[in-house]
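J.:
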Amino acid sequence: MPTHPTAADLSRQLADHAEAVCRRYLSNGYRSGRFWCVGDVFNTQGASMYVRLTGPATGKGRRGKWADGATGEHGDLLDLIRLQSGGTVKEALAEARAFLSLPQPPEPERSRPLPEARDTTESARRMLRYGRPVVGTPAAAYLRSRGLEHAVGLPALRFHPRCLYRASRKHPGPDTWHPALLATVTDLSGAVTAVGRTWLAADGRGKADLPKPRRVLGHLLGHGVRFPGTVTDLMVAGEGVESVASVHRLMPTVPHVAALSAGHLGALILPPGLRHLYIARDADEAGERGAATLRRRAEAAGILVSDLIPREDDFNRDLCHLGPRDLALHLAPQLDPNDAVAHIRFEEAVAA
Numbered sequence: 001m002p003t004h005p006t007a008a009d010l011s012r013q014l015a016d017h018a019e020a021v022c023r024r025y026l027s028n029g030y031r032s033g034r035f036w037c038v039g040d041v042f043n044t045q046g047a048s049m050y051v052r053l054t055g056p057a058t059g060k061g062r063r064g065k066w067a068d069g070a071t072g073e074h075g076d077l078l079d080l081i082r083l084q085s086g087g088t089v090k091e092a093l094a095e096a097r098a099f100l101s102l103p104q105p106p107e108p109e110r111s112r113p114l115p116e117a118r119d120t121t122e123s124a125r126r127m128l129r130y131g132r133p134v135v136g137t138p139a140a141a142y143l144r145s146r147g148l149e150h151a152v153g154l155p156a157l158r159f160h161p162r163c164l165y166r167a168s169r170k171h172p173g174p175d176t177w178h179p180a181l182l183a184t185v186t187d188l189s190g191a192v193t194a195v196g197r198t199w200l201a202a203d204g205r206g207k208a209d210l211p212k213p214r215r216v217l218g219h220l221l222g223h224g225v226r227f228p229g230t231v232t233d234l235m236v237a238g239e240g241v242e243s244v245a246s247v248h249r250l251m252p253t254v255p256h257v258a259a260l261s262a263g264h265l266g267a268l269i270l271p272p273g274l275r276h277l278y279i280a281r282d283a284d285e286a287g288e289r290g291a292a293t294l295r296r297r298a299e300a301a302g303i304l305v306s307d308l309i310p311r312e313d314d315f316n317r318d319l320c321h322l323g324p325r326d327l328a329l330h331l332a333p334q335l336d337p338n339d340a341v342a343h344i345r346f347e348e349a350v351a352a
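The numbers in UniProt numbering rise by one with no breaks, and the one at position 159 of the sequence shown is 159.
#1: Use the C-beta contact count for Lys65: other C-beta atoms within 10 angstroms, 16 or more gives buried, fewer gives exposed.
#2: Given a cut-off of 8 angstroms on the beta-carbon distance, is the pair residue 408 and Leu182 in contact?
#3: Mind checking if Thr232 is an interface residue toward chain D, Cβ cutoff 8 angstroms exclusive?
#4: Tell me the DSSP bridge mates of His256?
#5: Less than 8 angstroms between the beta carbons of Asp282 and Ser246, yes or no?
#6: Along the beta strand (DSSP E) that carries Ile279, what are the first and last residues, could you check?
#7: Give me the Cα-Cα distance between Ala301 and Val241, rounded to the nearest whole angstrom.
#8: Out of Val134, His219 and Leu80, which one is the CA nearest neighbour of Pro179?
#9: Which whole-angstrom value describes the C-beta separation of Leu319 and Leu294, a residue pair presumed to lie in contact below a C-beta threshold of 8 angstroms?
#10: Considering only residues of the same chain and omitting the five flanking positions on each side of Gly46, which have a CB-CB separation below 6 angstroms?
#11: Mind checking which residues open and close the alpha helix (DSSP H) that includes Gly263?
#12: Taking 8 angstroms as the limit between beta carbons, can you name the residues of its chain near Arg63, skipping five residues before and five after?
#13: Measuring CB atoms only, is the region 260-275 touching the region 222-242, in the sense that at least three cross pairs come out at less than 8 angstroms?
#14: Give me the Cα-Cα distance between Ala20 and Trp36, rounded to the nearest whole angstrom.
#15: Is the beta carbon of Gly69 closer than 8 angstroms to that of Ser101?
#16: Give the secondary structure of Pro333 by DSSP, where H, G and I count as helix, E and B as strand, and everything else as coil.
#17: Note down the Cα distance separating Gln13 from Arg34, rounded to an integer number of angstroms.
#18: Is His171 buried or exposed, if buried means 16 or more other CB atoms sit within 10 Å of its CB?
#19: Buried or exposed: where does Leu148 fall if 16 or more other Cβ atoms within 10 Å of its Cβ makes it buried?
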């Protein structure tokens, strides 16, 4: 029975072809003596990252090892492929085998066929039908604690008094029930495709003490939680409901959409007729990647794109720490001057 190379075997074989790997995956770099120099693992131009092209097969100074002097990151060429592709270890191994022209391992035979994928869209719609208005519930207390009093009446948000939380294989335990804030995910036509659930503490003063108090049920890819506005050619897009709602509080005439994660932000389907897209991204690496992906897609469609960058981690943290007035002052210079004058509610922010 043939033996397929392990991850360690693939790493050694990649190191034996280190310069060819660099020319393929780090094409913006250049050879400098015994090293290949480039800006970072994502093939940015520069010279802070270097890859050893020569050296022993094992031990200190071995070939194929890389390090980034700017970030302190380091690894082997298999790590490089995994990080650059943004995929899983399994996907990186498959890519390495393809580069080395090695056969892919056979798919293991299963004792029984996999069940068909279940469409959970109808389950999401049914859950929303069990929801009730947010006013007077623990979800209202939660939103007020996040500086989002205005969001209590937004039609995209509902409250579930006893929402099931199922334990997972990673975090085993009994199933439990908690109050939850429901966020309606819709497509461009307004049809419900999914529901975001945030499980809450009994009094609404924070999230429930659960390993993963946020989950999505249904079909999220390309869609989002939409907050209304009267302007047709502008839009603000971001990740979390609370972060996007924080910007919406100050710009209520502009439509806003929360994609619920950085990866889904990059996949957001944009409406026709959009002239200017503001991306209210989170201030972390995942947020930057999601925003960059959405920017490329929007600009390819001829849409003007501007990033809105929070002072802290996200715009809800900014709202809670700065208050609406200072958040408005932080946002205004990042907007087109005409949009800042027309759409930021300075009077309401100052009054608050």
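Cβ atoms here follow ideal geometry from the backbone N, Cα and C, with glycine treated the same way.
T.: The relevant details are as follows:
#1: buried
#2: Since the first residue shown for the chain is 1 and the last is 352, residue 408 is missing from the structure and cannot be characterised.
#3: Here there is only one protein chain, and chain D is not present.
#4: Phe227 and Val236
#5: no
#6: His276 to Ala280
#7: 26 angstroms
#8: Ranking Val134, His219 and Leu80 by Cα distance to Pro179 puts Val134 first.
#9: With a Cβ gap of about 22 angstroms, Leu319 and Leu294 do not count as contacting.
#10: Gly39
#11: Ala262 to Gly266
#12: Ala15, Asp16, Ala18, Arg52, Leu53, Thr54, Gly55, Pro56 and Ala57
#13: Taking 8 angstroms as the limit for Cβ pairs, the verdict is that the region 222-242 does touch the region 260-275.
#14: 11 angstroms
#15: Ser101 places its beta carbon 8 angstroms or farther from that of Gly69.
#16: helix
#17: 18 angstroms
#18: exposed
#19: Within a 10 Å sphere around the beta-carbon of Leu148 sit 16 or more other beta-carbons, which makes this residue buried.
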